Amino acid sequence: MILTKFIESTYVTEMRKITSHLYEHGWDERNGGNVSLRLTEDEVKDFEDVHEVKRNIPIDFDAVELKGTYFLVTGTGRYFKNVYDFPERDTGLVKIAADGKSADLLWGFNDGGQPTSEFPAHLMTHIKRLGIDPSQRVVMHCHPTNLVAMTFTVPLVEKTLSRILWKMQAESIVVFPEGIGIIPYMTPGTNDIGEATAEKMADYRLVVWPHHGIFGTGDSIDEAFGLIETAEKAAMIYTTIQSQGGKFLAEITDKDLENLAKRFSIHPNPDFLTGDSLVK
Ligand code: 2HA
Ligand code: ZN
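As numbered in the working numbering, the sequence shown has no gaps in its residue numbers, which increase by one up to the final residue, 414.
Take a look at the structure:
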C-alpha cells in the first residue's frame, strides 16, 4: 500500500476549496466563519502522518458522546482567505479524547493553533444531528450578508422567516422543507449559544444567529453549503425586492408551495404551509 500524507487527502482539499468559496462569497470576512468535518477511524488510518498525537487541546465542553471521533476543523482566529494556501497551519485534524474534555491533535495547527472558538457549538450540533441522522458530517458557520440583514428587518419568528424564504424562489421549500430555525441574539463563542443552536437542530438543519450569521449542517460539505447558499439566495432576492420598493404584486402562493411539495415528494413543516400572503 502506498501511504500518502493527510494534506493530499480529499478532506483537506475539500476544506481548502470550501473556505475559499465562503470567503469569495463575502460571507467570511477576516476570521469570520468556521467549518468542521467529521471523519471516521477508517478514513484517516491509512495516512502516514496522522498517527502521532502532537498535542492535547482542552475543550470547554464535555463531548464524551463523541469520544474517538475525528474532526477536520478550521482554526480559531484564522482567515478563510488564507486557508487554501496554509491548510496545515489554519486547519487541524483532532480526535476527541476518551474523557470528552479534550482533543488530541494529530495533524495541522502547526504554528500552535487551536480549533475554532465555536468548537463547542459545533460539537453540540454534531451530537444533536447525529442523533437524528447517522450520516451527519458537517457543521458550517458563516455570515451571509442578506440573511444577516433580514434579521434586522423581518420579525425573528421561524414561521415568518421560513415562509418569506420559501416564497422567494421555487427551490427553497425543496431544499429546506423543515424551514429555518432562529435563536435569540446571543454572545458568540459561548456554550450558551452552542446549547441554544443544538436545541434548534432537533428540528432544523439551518439555524440563524440574528445579527451575526448562520449554522448549516449536512452529510457533506456540499450539502451544508447548498443549504446555506439556497437560503442566502432567497434572502438576496428579498433584499432586491426591498430595493425595488418592496411591494409584492405577485408571489409563490401557499397552493404553489403545496404543489412543489407534491412534485418533489417532500414533507414541508405543516405549521408553515399556510399563513399571511406577501401580496397586500
Ligand atoms: O470564527 O465567526 O462566530 C469566528 C466567528 C465566530
Ligand atoms: Zn461568526
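For every residue, glycine included, the Cβ atom is placed at its ideal position computed from N, Cα and C.
Fair warning: this is a prediction, and the values are worked out from it, not measured in the lab.
Please tell me whether, using a cut-off of 7 angstroms, the distance from the CB of residue 143 to the nearest non-hydrogen atom of the ligand 2HA is below it.
no
Residue 321 CB to nearest heavy atom of the ligand 2HA below 7 angstroms:
no
Is residue 168 close to the ligand 2HA? I mean its beta-carbon at under 7 angstroms from any heavy atom of the ligand.
yes
Run of the beta strand (DSSP E) containing residue 253, from where it starts to where it stops:
That residue, residue 253, is in no beta strand (DSSP E); its alpha helix (DSSP H) goes 253 to 266.
Taking 7 angstroms as the line, does the beta carbon of residue 250 fall inside it for any heavy atom of the ligand 2HA?
yes
Inter-residue spacing [alpha-carbon to alpha-carbon] between residue 185 and residue 219
24 angstroms
For residue 322, which residues of its own chain have a beta-carbon under 8 angstroms away from its beta-carbon, when the five flanking residues on both sides are left out?
251, 252, 343 and 346
Closer than 7 angstroms to a non-hydrogen atom of the ligand ZN - does that hold for the CB of residue 346?
yes
With 16 as the cutoff for other CB atoms within 10 Å, does residue 357 come out buried or exposed?
buried
Is residue 325 near the ligand 2HA, in the sense that its beta carbon is under 7 angstroms from a heavy atom of that ligand?
no
In or out: residue 450 buried (at least 16 other Cβ within 10 Å) or exposed?
Not covered by the structure: residue 450. The range shown for the chain is 135 to 414.
Just to confirm, are residue 331 and residue 310 a CB contact at a threshold of 8 angstroms?
no
DSSP three-state call for residue 202: helix, strand or coil?
coil
Taking 7 angstroms as the line, does the beta carbon of residue 159 fall inside it for any heavy atom of the ligand ZN?
no
Determine the burial state of residue 138: buried for a count of at least 16 other Cβ atoms within 10 Å of its Cβ, exposed for fewer.
exposed
Quick check on the DSSP output: the beta strand (DSSP E) that includes residue 345 runs from which residue to which?
Premise fails: residue 345 is in no beta strand (DSSP E) and is neither H nor E.
Going along the chain, which residues of its own chain have a beta-carbon closer than 8 angstroms to the beta-carbon of residue 221, five neighbours each way excluded?
141, 146, 149, 150 and 242
Is residue 155 near the ligand 2HA - that is, is its Cβ less than 7 angstroms away from at least one heavy atom of it?
no
At a cut-off of 7 angstroms, is residue 277 close to the ligand ZN when judged by its beta-carbon and the heavy atoms of the ligand?
yes
Examine the Cβ distances between the stretch 266 to 283 and the stretch 164 to 181 and report whether three or more of them are shorter than 8 angstroms.
yes
State yes or no: is the C-beta of residue 369 within less than 8 angstroms of the C-beta of residue 307?
no
Quick check: what's the CA-CA separation for residue 234 versus residue 287?
40 angstroms
Looking at the strands, I want to know which residues DSSP matches up with residue 249.
209
So, residue 230 versus residue 200, is the Cβ gap smaller than 8 angstroms?
yes
With 16 other Cβ atoms within 10 Å as the buried cut-off, status of residue 399:
exposed
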